[in-house]
Ligand SMILES: Nc1ncnc2c1ncn2[C@@H]1O[C@H](COP(=O)(O)OP(=O)(O)OP(=O)(O)O)[C@@H](O)[C@H]1O
Ligand SMILES: Nc1ncnc2c1ncn2[C@@H]1O[C@H](COP(=O)(O)OP(=O)(O)OP(=O)(O)O)[C@@H](O)[C@H]1O
Ligand SMILES: [Mg+2]
Ligand SMILES: [Mg+2]
Ligand code: NI
């Protein structure tokens, strides 16, 4: 029951966030210089064409009126039609968003797989060589631009070793996982560095806790002590960080998708900014906002599960 | 020749909209000819015309009409016959002033009529020397009227959206599937009329798959690893390297692509006096630019200096020596004459993240510094740049151009002829050039027309509002097993005669 | 209470020394401690904060980790716990020897239900199946006096009150019926009435289970009320040892004497207390000679130069002071 | 003891709202509240020491905080020299705090770790303009002498001091503004036994020298008994018994006071008992039972205790208790047990 | 009470001079970086923007230890001159958010209640919005260039500082010394800024150090998209982006600036760790 009401409260809190983002996006999008027609038609269009097309998109109406239309449509579940792709925005988002979702999910998983054991190793060998090596490596990961890491990965694992395809996106689910592995790894590279740092220090904090000593005094097996007592408590703060970083991860996806030619929402976002594709841009930010909020919610619930003190 | 197989081709961006009339961009234009056939086809050098859906064509002596005879037994990809009615309807749609942005290419068409089941007659408003060339251009492609009109939607635009999702077409290939932003799959059109060297129907390939690979490096890596058979837009910096790669053919297809800098020639910009309005200043700046150096830096020797504002692959191009050979002394004295001995501050719009444009601008910055001109680079995205361009408030910008039609009229109408877009939105205007252009548009005597164009080029190259830089071929890298692939100077990719080694 | 109620094992500690390698230098937290705990005996360990009481217990348990280092002998049933391989020691911990920690808030894992924390002890040391473990858990909760045990087992530590947490911790420690219980200030965090309950509970359990207990505290009253013998620690060393009655009647170390004098007594309202001036020394820079000399009113030159050995004064009585006779003879503080 | 009390507490109550779940809120259930203080009344006279004892969570700190207006009571009034302190506005309030100071329990938390001792004292002295600027250093030395800290302490940070020394810094800070009343909340509970005595001695001496009025809050009965003139015993936000300390400790008139005394460990190893003084634990302050709050643990409980809350009534001159057994403790305690 | 003796003893003052090793190495790296940033001309052998058409894409040689780029510019000189811009990015992109975030965080943490609830929603909204996209959008609106990049980063960045400070102030204000300040009759302003903030700001300062490294990285990501530093100025991210097409033919164009980023990032994070250690409150 307390968990339920906790979840309910978080969902209610999401509403103002999404509304806020809706308004900001709408305004921001319209502040961008240029208009969809000129973005789309390029240099060659003559003024008459531009005006004719903008008018056909309803962009000649006053902005408040446009906003009302937009709000009305959003509430009826209609996000409009893409200006550039001439497809319903919902269709496009349903095509592109799952790709990004899968990419970030894989990246998050890989990051955890990388970060957790190494954080343990570093924490246990604190201030020793292993610790220094691990931290140094992750520092490099943290300081390398995503696109650079990406191209490096492609060159090494794709073109040279041929372990993985060089970018692109497969047809079947398994094939897609295979294609997404390198981009996910690229994204995970810096993400896991952040996680590792945090987890390492929280493990160091937890490992000296009295309850860990008590667990040892109970004569528990080291494995149980490490997982049940140390890791679980150490993860609490890492999960918070994880949630906070999800947004950043989506941001990283923008560049990763370009480098790896993954047809995801990140690239769509950039394209629609450059193409002034207002409906897509608006629809996508809303979808992303909801998605990120849901991720927050998920991490919150996970955290409430990890730490029963949270859901009072 | 070997038949069969699917060729995978890496493109830098996905297509947007596969309607021949209503599309807007090169990403569509350059592949449309694989889907939709036109009455006439461009020759391989891109300068002439050859038979397409029509086998015979005849312009009347007064130049006011064109008679075309359709090929026997031609069919759409659904097997239905291509009738003169389809042709008439398609051409009228292309010429409709309210449709898309390409109708100016066929603006001379007044009406299209049919005669019998073979003949189509174009009635023109005035003699049009470029009409045959226009009939090779993508927007005059022939679509099945019935299927199109049966598509859901109230307006032509709505119907086009539905139709373009699963087009019934007349070209060598048909669209099989399209995963937006990722892959587009074309398969052979069983009803295509073309015949191959072996006498069997074209195309040789079972299909073509386009993969969207926006990052240059990724595209090349993928080609290297054999996952794709060809890649477009190889960065010039890699051309030399790929030429020497054993498993690849580094193709440099002749093109009509010209790279230049546009200078706003208005006396004032946003209320401030504009030194660029002085032709002497523009000439000085032209002389101060070392084109060879820029070609070396930016295109790594792939390009060559422009000899006119239009490319040497454009019909009726004149000029045999590079424009404004580097001459810094002359540049300085011109600046002095113009009263800008100390130079001035100015700026240039550069497309954000575009390495070539940044490279050019950086080089210009250095070169013009010799004249005391301080050039500020402003990286902006395309929409912003277009907006400033269209509003005429930019100072300078970089730009590139490729022709869509095998005729000098398109480029001239934009670059020179002020009524179209104010000569590249620069506000430049020359009465004589405008008059010559007007005349040339109706001049069916080829020699006379060539003379008109020679004069236009003379005027524009001497005092026009641009810094002509270089022309470059289309760099396409192909796997050694690819044969018969063609990109014509207008940019169109032809897969109809391409084949793969087994 | 006399020793030897049970037939169980005894604990013999000899020369237990624990060093910590700190950035400030080596800290001698426990120095050369000898301690015997007979079967069924309850031994008290008092001393100021930082005098090494907890470290002594942790060293016995083998809980000292880097940067700490333990030497000496801890004999338990003929085996030396210090030299024992980790796995063997693990089997003894929690089953034969159990420990209760000072702060029940921090010693219970906040994110696990109390029942799980209890049962994992049984999983580690017994072959009971899930149902039997549950039954044993309920039994233990009853022993330590937690009502509604069935529900309580599924609750988390933060849902318990302080006293209940302490009792839950005792229940966990008792899960495998240990022969020796090391209790590190089990009541310091509690109210007097609860402290009273817990101490009496410990006494009961000692009797019922024939357990030996080492009880660490800094409250002399607790010692007086529960223990058979006591040891006083100062700066890592045992400075006085004896039966509780002897030590309280006649302290022979000035520190013990000061400690007893610091506590207000009935009848002496609003008078000055006989406090020990000064503060305990830092472990990395202990004074030469007797560590207590800077705060000692009996100190002479010899105290500043030499460290007094822990000398035996008859059965069960030991003291480390050159002037223990003068201390014993000084005006009574009671 | 003078006739006019310097502080009078009159029926003070204080509740803390507890965050309660959305579901309950939607279900229209009333908000929960901790009743930390329940109708507490007493007086403090100039120059005396009033001890307040009770178990953890019984509201001692809440009371102490109300006295210095760190908290505002929900009901009742606290008067300082006859003025209701809740009516004081900002400047007056600061003037009030200058005269009624508080010393805190936690020697580690009550000093700003980034300020040196002289910065701490200097701030107190200059904000209240206790001395002209140039006299401040001299006054700091004076204060250090007063609390028996070495002069070189002035330039050090709190972490360089022991717990006992830190408490003295806290005392010096309170004394800097020359208050009349000091409220000491668990002043020595965090300290070692040997150090406790030092601080208690200092407090006793300062009170004599400076004629301070002291409200000494603690859970250690021995200490409270040692330094207080009068003692109030609290339980679940209420005063159970209040009176002169000898009276309360020698013959408690409330079963709770007696249980508290019995539970406190004796320093005499020859007097041992295996009888538990009080069973059970403090009930949750969220739902205080309607009758006597001690009813659930009282060995002498009878029906009336569970329904009617006993009022604080006089048992002897200046000695009151809140128990239905008005005779409790009046007879020898052996007999009282038999009731 | 587990009061460690080491905390109680009186320590001679000189102990404070024992600086953490991480701090020293971090400070040396950043110190040298700043030195280079202020006086690049002292270190750079060539003019960083001068072309040399005769030496395009030359590998590392004695004359050009880091080689030359596609314009024949000396990569070493460009890496050195980039210090000026990149250190500027590190500082300017983060100072504003740090100060503003700290003030807001201090207020929110102290006031609690409604302020905190509103702040919570703002934080949600800002971190829900894809950061890079927001930055790109803002840079597109305001135009490219470093100044506008700072604005864009600042609009988002302050939130993280505010969160950190608010959380810490919330902890600190419950400690007795905050109450002591109130009892001493100090004003809330004084309590927040003189007492609580100095104790609450450490995590924000540590994060600041990381953030500076992140700002340089973000600068390079924006450079990749053409929205960061404008040519011909040398900036590591832009250099790396420039070198991207030459990774197989002229690796030195991108590798050396990459190493510079890594070293500087390492310097900042060492400095952060060291500062954290140094500023850890000893109680
Ligand atoms: N700010 C607060 N919010 C909610 N509840 C509070 C608050 N302060 C105190 N309480 C509750 O009020 C009751 C009385 O608390 P108080 O701190 O006054 O007790 P105490 O007698 O000082 O206890 P201790 O001896 O542990 O210090 C407790 O139940 C406590 O949980
Ligand atoms: N892991 C450690 N590293 C360094 N020093 C330590 C460590 N653990 C304990 N010490 C030191 O050992 C000494 C003895 O500590 P111990 O915890 O045994 O004291 P104690 O007598 O139990 O005190 P308290 O009454 O406060 O619990 C202290 O000075 C402490 O600082
Ligand atoms: Mg201890
Ligand atoms: Mg309290
Ligand atoms: Ni203690």
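Residue numbers (the working numbering), protein chains in the order written: chain A, 1 to 312; chain B, 313 to 814; chain C, 815 to 1148; chain D, 1149 to 1487; chain E, 1488 to 1770. Heads up, the beta-carbon is just placed ideally off N, CA and C, and yes, glycines get one too.
- Apart from the 5 residues on each side of it in sequence, residue 1192 of chain D sits with its Cβ closer than 7 Å to the Cβ of 1153, 1154, 1155, 1198, 1361, 1363 in its chain, given in chain order.
- Ligand 2 has a heavy atom closer than 8 Å to the beta-carbon of residue 1032 of chain C.
- With a threshold of 16 other beta carbon atoms within 10 Å, residue 4 of chain A falls short and is exposed.
- In this structure, A/85 is the residue among A/85, A/166, A/134 with its C-alpha nearest to the C-alpha of residue 476 of chain B.
- DSSP places residue 883 of chain C inside the beta strand (DSSP E), whose first and last residues are 882 to 890.
- Under DSSP, residue 379 of chain B forms a beta bridge with B/370, B/433.
- For ligand 1, a non-hydrogen atom lies closer than 8 Å to the CB of residue 1433 of chain D.
- If only uninterrupted alpha helix (DSSP H) runs of at least 4 residues are considered, those enclosed by the region 873 to 958 of chain C are 900 to 906, 918 to 921, 928 to 939, 944 to 957.
- A direct Cα-to-Cα measurement between residue 350 of chain B and residue 454 of chain B gives close to 6 Å.
- Under the 9 Å criterion on CB atoms, residue 228 of chain A is classed as interfacial with respect to chain C.
- Counting along the chain, residue 1138 of chain C sits inside the alpha helix (DSSP H) bounded by residues 1138 to 1143.
- Residue 241 of chain A is outside the set of residues whose beta carbon lies under 9 Å from a beta carbon in chain C.
- Chain-order list of chain A residues neighbouring residue 968 of chain C: empty, with the shortest C-beta distance near 11 Å, by a criterion of under 8 Å.
- Taking 8 Å as the cut-off, the C-beta of residue 1010 of chain C does not count as close to any heavy atom of ligand 2.
- Between the beta-carbon of residue 612 of chain B and that of residue 622 of chain B there is about 24 Å, and that puts the pair past the 8 Å contact cut.
- The contact set of residue 40 of chain A on chain B, defined by CB atoms closer than 7 Å, consists of 336 in chain order.
- At a C-beta separation below 7 Å, residue 696 of chain B has these neighbours in chain E: 1627.
- Using a C-beta cut-off of 8 Å, the region 100 to 115 of chain A makes contact with the region 194 to 212 of chain A, since at least three inter-stretch Cβ pairs fall below that distance.
- Residue 1382 of chain D has its Cβ nearer than 8 Å to a heavy atom of ligand 1.
- The three-state reading of DSSP puts residue 1717 of chain E in coil, since its state is none of H, G, I, E or B.
- Identification of residues in the region 1677 to 1703 of chain E having a C-beta nearer than 7 Å to some C-beta of chain A yields 1700, given in sequence order.
- With the rule of 3 Cβ pairs closer than 8 Å, the region 409 to 419 of chain B counts as touching the region 33 to 51 of chain A.
- For residue 1536 of chain E, the nearest beta carbon of chain B is closer than 9 Å to its own beta carbon.
- Taking every residue with its beta carbon within less than 5 Å of a heavy atom belonging to ligand 1 gives, in chain order, D/1164, D/1182, D/1184, D/1204, D/1205, D/1206, D/1207, D/1208, D/1209, D/1210, D/1433.
- Per DSSP, residue 229 of chain A lies in no beta strand (DSSP E) segment and is marked neither H nor E.
- Note on geometry: alpha-carbon atoms of residue 80 of chain A and residue 279 of chain A lie some 6 Å from one another.
- Contact check for residue 576 of chain B against residue 708 of chain B passes: the beta carbons are separated by less than 9 Å.
- DSSP places residue 1711 of chain E inside the alpha helix (DSSP H), whose first and last residues are 1689 to 1711.
- In this structure, the beta-carbon distance from residue 138 of chain A to residue 118 of chain A falls below 9 Å.
- In the structure shown, residue 586 of chain B falls within a coil segment according to DSSP collapsed to helix, strand and coil.
- Residue 536 of chain B places its beta carbon less than 9 Å from that of residue 159 of chain A.
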